[in-house]
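What follows is one structure encoded as structure tokens, with my remarks underneath.
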Amino acid sequence: MTFPPPKTESPAQRFEEATAAARDALERLIAAANEAGWGTEEITSALLKAAQFISDANKRDPDPADDPSISDAPARQEQIGHGELYD
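Just so you know, my numbering puts 137 at position 46 of the sequence shown, and the rest follows in order with no gaps.
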């Protein structure tokens, strides 16, 4: 799925462009979900919940790419299980 780039720098116009592009993308996504057997109401509810989850995650960590990779963390900090340490 492609998403069009913004055509303006004005925040209000960008919001309108983003809203229109998102609506178009969601209509295609909902149509695909309908074809797969999902009802419109259940898929739109699921999309709203998923969008809220992503929004909340973005508020907590706006740029997760800046987070250290797991390999940068000490082994004891990234321990799995009941005391076992893995290489």
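For each residue, glycine too, the CB sits at the ideal point set by N, CA and C.
Following the DSSP letters along the chain, one finds E132 inside the alpha helix (DSSP H) bounded by residues T131 to R151.
The Cβ atoms of P95 and E108 sit closer than 9 Å to each other.
L139 has its alpha-carbon roughly 10 Å from the corresponding atom of E133. Look at D157 here: in three-state DSSP terms it is helix. One thing to note: M92 has its Cβ no nearer than 9 Å to the Cβ of A111.
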